[in-house]
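These notes concern the structure reproduced below.
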Amino acid sequence: MKGRVEAVVGAQWGDEGKGRVVDALGGKVDVFARYQGGANAGHTVIVDGQKYVFHLLPSGMLYPCKTCIIGNGVVIDPDQLLDELKELQEQGKDRARLVISGAAHVVMPYHKKIDKAQESLRGKGRKIGTTGRGIGPAYVDKFSRCGIRVEDLLDGEALREKLEYNLDEKNTYLTKIFGEEPLPFSEVYEAAVKWGKALAPYVEDASRVIDEAIREGKGVLFEGAQGTLLDIDHGTYPFVTSSSPVAAGGCVGLGTGPGVVDRVIGVVKAYCTRVGEGPFPTEDTGEAGVALREKGGEYGATTGRPRRCGWLDLVALRYAVRVNGLSSIALTKLDVLTGMGSIPVCTGYEIDGRHEEHFPSGAYRQGRAKPVYERLEAWSEDISSCREFEQLPLQARKYVEYIEEASGIQVNLIGVGPGRDQTILRNF
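Residues in the sequence shown are numbered from 1018 upward in steps of one, following the working numbering.
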């Protein structure tokens, strides 16, 4: 018997509420599998009024008797991961089985130093808006074939050999290019050995664990971080992350074939936000944008940075539908639009005097895109207690239906508040 496999991906610039959606679906899922990114991601989940923020752990860690996987496509900051595990253990919430792929790469101390030094060296207009957590440099080493993987932390000799080579190179880079102090080998090596001992109980072949779960008829959920428009290939390059948040990245980052995925769920915020630099055609820098930020609590779960806020971009959404092969939409934070009067929705762009209905390639053209808006009537009624689609005010239902018509995809989940129970499921 083949189990059902679903992928949850961000359809915008990240921060769409993927963790909240994964948590809402968790009761029917046996295996939660995170497939890319690192501690630059932040998933916020609220259960029984308690707020949990995960940077590396899959959102399913709050469910007992589940299996949670960190796949080979993730770059792991061991200190961050161990801190998250310790916090759950202290709260008595570590009741899930955690599996870490031995093939996942490790964010080393030199990655963080290089990340911060590179960003500070970039001139005005060239800053990426990195979190400084070493994610990009860790992926650089992965593809340069000199990265240190989790499995290397368990083998002292292999670790020593790789680390000696890497530190020779990285220290030269840090001292000669950036004027930074070199990192001592003994300090980094000893820390890495301790990480290996702490992580060893969780290290397994994640691909095999997922394959066995599927063959046993279990439900598996692929959990992405960041969003489509931050994808290294398909996002607003170079203002992107260093991995592939799109649905296809789930197969690569977990060691499965694309044929196993039954449904791809795109998480879409009822408006848009972005953290960091880069083009954002529907950004609202006025009072309405500030109102969205404050009402929606739009501050980064990882850095605390205020998010740039704006309106729903249907051009970008149609693009996300295409590159992910979306089969379903989970619409989050619909409640934030309550009382907004009229709601602008971007239906197209004006670029250099020409009308465009397709998402342009390249950040320079994207940066020149001016949104063409259609305004929809908002609603004033509190929708946070609605649990059926028909309970929503007429204008809220029309807003959802407008998105469905424009995207060609049905909205099967609607978030009307931050809590696990504040969810409307339609034909799910």
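Beta carbons: idealized from backbone N, C-alpha and C, even for Gly.
Rounded C-alpha distance that separates residue i from residue j
i	j	result
H1251	Y1390	24 Å
G1293	R1324	8 Å
D1068	V1062	Just to set this straight, residue 1068 is Lys in the shown sequence, not Asp. Each residue's alpha carbon lies about 6 Å from the other.
Q1243	Y1366	24 Å
V1428	G1370	33 Å
G1313	V1353	6 Å
V1025	R1437	16 Å
E1373	G1164	42 Å
D1399	L1430	18 Å
V1269	E1304	42 Å
Q1135	P1262	23 Å
G1321	E1418	33 Å
P1108	T1148	For the record, residue 1108 in the displayed sequence is Gln; it is not Pro. Whole-angstrom Cα-Cα distance: 28 Å.
Y1052	P1388	33 Å
F1376	N1341	14 Å
Member of the options whose CA lies at the smallest distance from the CA of residue i
i	options	result
I1249	W1030, V1022, G1020	W1030
K1159	I1117, G1090, G1370, T1148	G1090
I1360	R1404, D1301, G1149	D1301
W1328	T1364, N1341, G1317	T1364
R1021	V1046, D1032, G1034, G1027	V1046
G1034	H1375, S1118, R1404, Y1316	Y1316
K1110	L1079, A1056, E1421, E1304	L1079
R1177	T1258, V1157, E1207, R1162	E1207
G1196	V1157, K1130, A1058, N1183	K1130
R1392	E1221, I1420, C1326, L1138	I1420
K1103	F1071, D1228, V1263	F1071
G1473	E1240, K1019, P1262, A1308	The chain is shown only over 1018 to 1445; residue 1473 falls outside these bounds and no answer can be derived.
E1229	I1194, N1188, V1257, G1272	G1272
E1405	G1379, F1445, P1388, Y1381	F1445
G1241	T1258, T1253, G1234	T1258
Cβ pair residue i, residue j closer than 8 Å
i	j	result
G1151	D1132	yes
L1180	V1210	no
S1397	G1434	no
E1023	I1231	no
P1296	Q1383	yes
A1386	V1285	no
V1064	F1049	no
R1280	S1344	yes
P1126	L1200	yes
D1330	T1355	no
S1260	G1036	no
S1424	L1334	yes
G1088	A1223	yes
C1403	I1368	no
G1213	L1171	yes
L1162	A1120	Note on residue identity: the sequence assigns Arg, not Leu, to residue 1162. No, these two residues do not count as a Cβ contact at 8 Å.
I1117	V1226	no
A1056	D1094	yes
L1247	L1042	no
A1215	L1099	yes
A1028	T1245	yes
Residue i classed as buried or exposed, judged by whether at least 16 other C-beta atoms fall within 10 angstroms
i	result
Q1106	exposed
A1217	exposed
T1290	buried
G1267	buried
E1394	exposed
T1349	buried
P1154	buried
K1083	buried
R1112	exposed
Q1439	buried
Y1416	buried
T1192	exposed
L1351	buried
E1186	exposed
E1101	buried
I1426	buried
H1128	buried
Assigned secondary structure, residue i (DSSP; H/G/I helix, E/B strand, else coil)
i	result
I1194	coil
G1327	strand
F1071	strand
S1359	strand
R1166	strand
G1244	coil
V1281	strand
S1161	coil
Y1288	coil
S1345	strand
T1299	coil
R1114	strand
A1175	helix
R1225	helix
L1105	helix
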